[in-house]
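First up is the structure itself, then whatever we jot down about it.
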DNA sequence: ATCAAGTAGAATCTCGACAAAAAAGCTGAT
DNA sequence: ATCAGCTTTTTTGTCGAGATTCTACTTGAT
């Protein structure tokens, strides 16, 4: 198993010459895959499976798994290994509720402490999001990872001026969880939803300093997304579907 | 944590029941020591030092360190190891502010969804806290670890009925950070503060369903603690003190 | 004296093998 | 057929050695 390292060729996003460790590399890739909903099939996550998939030894893989478990993306039981956190309707509801609480506070603080610099970043984030394609051009049934990145960046830009990196971190964590649900339930295309319009309204009200209006728009945005997820995944998602596939061996 | 293990090798010398995994044991002990402010001297945390102190190999120690870093109690730089998160006045201010935001929401929700069971738990937590000694009987200058446990349990009981384990987890995280500051700056004894009285007032207003009053009492409680910490640690704590000691060699 | 380059030392990080535990499979009796 | 108890297999968790990287120190030149 040759260690196929990705150093030497600097990725465009990694301008800092910081050489990453294997543990961090596995962490990043596995995290992306988790958020992409790429491996929701298996409930259990054997370390040997991760080792063979990402081409690293057991030690860095275990370090990555420990980080993800501490973040709440994975679960862990002593002497029983790691597993993907289960999903459920009640958990989605609780998640959305918590998210609304925190984001409302973050939004209001962000508006109260806005600066010109922050406004420009917000405009920029909205512009980039509007330019990106929602789905992959070659396959309109799958989400565009680039759009997901920009979407997350936009929502982070909204609360960037709230003045608490703790609150920003918590919102990020909840955002990760939410996108996991969104991508598991494969948000249906073209359900008559004007996504970019929703985002634009939120941004405009933010820029106008209309805190109440922005909060209302944002919470509706979250609740609508959650409702669509809930519906689709209450009727369509079968947690045992993946296990059948895993049995082939 | 009531996992009674059928571990034949009792090894009573260790005291701590190293029941499950070494990584979890090191995690628990190191976390306790961090919150106790027991090792704030050195800024850097060499894994070999942890290995020799807690008697485990490098692998479980690294797993424990990764968990703590993901929780925000430690910092980490690739290829540069782990370090204790620095403390500062601005960080304490930001922490306190964030904590007030989250705890206010949690408190209001907890009151709104209170049950008889929850009320009883709260009464119990207050009673236990009132019974415990604030300082160690044999050495009145150091805090009583038992009191710290009960104090944390009381504050968690306040928000236990808020209906979101996410929010509870975030509040716990902030509570950990806050107690780190409190114990670093060695909260002064006998500054005329009626601690048990403050806690009792909060609990009484909670039980009365007086949300506004409870919130006011709780936030004042946090802000007073923070102010005392801030004062003592702005004038008394020198972050370079530990480094100077480290240079002797 | 300051600064740069090169070297020796120390720390981090990773790998492969081993021990311990849990899960799966098997036999035999009720 | 079911279940307890034992054996086999799989998986987790741990250790020690080695490779890679960072840090501190010495040396030499402007």
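Protein chains in written order, with this note's numbering: chain A, 225 to 473; chain B, 225 to 473. Don't be surprised by glycine CBs; every beta carbon is placed ideally from N, CA and C. Remember, it's a predicted structure, so these values are computed and weren't measured experimentally.
For this session: Would you kindly report the start and end of the unbroken alpha helix (DSSP H) that includes residue 353/B?
Result: First-last of the alpha helix (DSSP H) with residue 353/B: 340-355.
Exercise. Which residues share a DSSP beta bridge with residue 307/A?
Worked result: Residue 307/A is bridged to 268/A and 299/A.
For this session: Would you mind stating whether residue 348/B and residue 382/B have Cβ atoms separated by less than 8 Å?
Result: Taking 8 Å as the Cβ cut-off, residue 348/B and residue 382/B do not qualify as a contacting pair.
Exercise. Do you know how far the Cα of residue 320/B is from the Cα of residue 376/B?
Worked result: One Cα belongs to residue 376/B, the other to residue 320/B, and the distance between them is close to 16 Å.
Problem set entry | Nearest neighbour of residue 355/A, chosen from 344/A, 253/A and 368/A [CA to CA] | The option with the nearest alpha carbon to residue 355/A is 368/A.
Exercise. Which value, in whole angstroms, describes the spacing of the CA atoms of residue 353/A and residue 308/A?
Worked result: Roughly 30 Å separates the two Cα atoms.
For this session: Answer yes or no: does any C-beta atom of chain A fall closer than 8 Å to that of residue 255/B?
Result: The beta-carbon of residue 255/B is placed no less than 8 Å from the nearest beta-carbon of chain A.
Problem set entry | Cross-strand partners of residue 359/A (DSSP beta bridge) | DSSP output for residue 359/A lists 367/A as bridge partner(s).
For this session: Taking only beta carbons into account, state which residues of the region 322-348 of chain A come closer than 7 Å to chain B, listed in chain order.
Result: For the region 322-348 of chain A, which is checked against every Cβ of chain B, the residues closer than 7 Å are 322, 325 and 329.
Exercise. If you follow the alpha helix (DSSP H) that residue 280/A is part of, which residue opens it and which one closes it?
Worked result: For residue 280/A, there is no enclosing alpha helix (DSSP H), as DSSP gives it neither H nor E.
Problem set entry | Close Cβ partners of residue 398/A (< 7 Å) along its chain, the five nearest in sequence each way excluded | Apart from sequence neighbours up to five positions away, the residues of its chain that approach residue 398/A with a beta-carbon distance below 7 Å are 319, 322, 323 and 326, ordered along the chain.
Exercise. Excluding five sequence neighbours on each side, which residues of the same chain lie with their C-beta closer than 7 Å to the C-beta of residue 206/A?
Worked result: This structure leaves residue 206/A out entirely; chain A is present only between 225 and 473.
Problem set entry | Between the CA atoms of residue 273/A and residue 266/A - distance to the nearest angstrom | Their backbone Cα atoms lie some 11 Å apart in a straight line.
For this session: Alpha carbon to alpha carbon, how far is residue 449/A from residue 339/A? Give it in angstroms, no decimals.
Result: Taking the straight line from one Cα to the other gives about 30 Å.
Exercise. Sorted by chain position, which residues of the same chain lie with C-beta nearer than 6 Å to residue 255/A's C-beta, five sequence neighbours on each side aside?
Worked result: Answer for residue 255/A: no residue qualifies.
Problem set entry | Helix, strand or coil at residue 386/B [DSSP, three-state] | Residue 386/B: coil per DSSP, three-state reduction.
Exercise. Going along the chain, which residues of its own chain have a beta-carbon closer than 6 Å to the beta-carbon of residue 457/A, five neighbours each way excluded?
Worked result: Excluding positions up to five away in sequence, the list reads 409.
Exercise. If you run the structure through DSSP and keep just helix, strand and coil, what is residue 334/A?
Worked result: In this structure, DSSP gives residue 334/A a helical state, which the three-state scheme calls helix.
For this session: Leaving out five residues on either side along the sequence, give the residues of the same chain with a beta carbon under 8 Å from the beta carbon of residue 271/B.
Result: Within the same chain, residue 271/B has close Cβ partners 282, 285, 286, 289, 305 and 306.
For this session: State buried or exposed for residue 388/B, treating a residue as buried only when at least 16 other CB atoms are found within 10 Å of its CB.
Result: If you draw a 10 Å sphere on the C-beta of residue 388/B, you find 16 or more other C-beta atoms in it, and that means buried.
For this session: Could you spell out the range, first to last residue, of the alpha helix (DSSP H) harbouring residue 248/B?
Result: Following the DSSP letters along the chain, one finds residue 248/B inside the alpha helix (DSSP H) bounded by residues 246-259.
Problem set entry | Sequence-distant residues of the same chain with beta carbon closer than 8 Å to residue 394/A, five excluded per side | Here the set comprises 326.
Exercise. Can residue 186/A and residue 250/A be called in contact, C-beta distance under 8 Å?
Worked result: Not covered by the structure: residue 186/A. The range shown for chain A is 225 to 473.
For this session: For residue 423/A, count neighbouring C-beta atoms within 10 Å of its own C-beta (all shown protein chains included) and say buried if the count is 16 or more, exposed if not.
Result: In the assembly as shown, residue 423/A is a buried residue. Its beta-carbon has 16 or more other beta-carbons within 10 Å.
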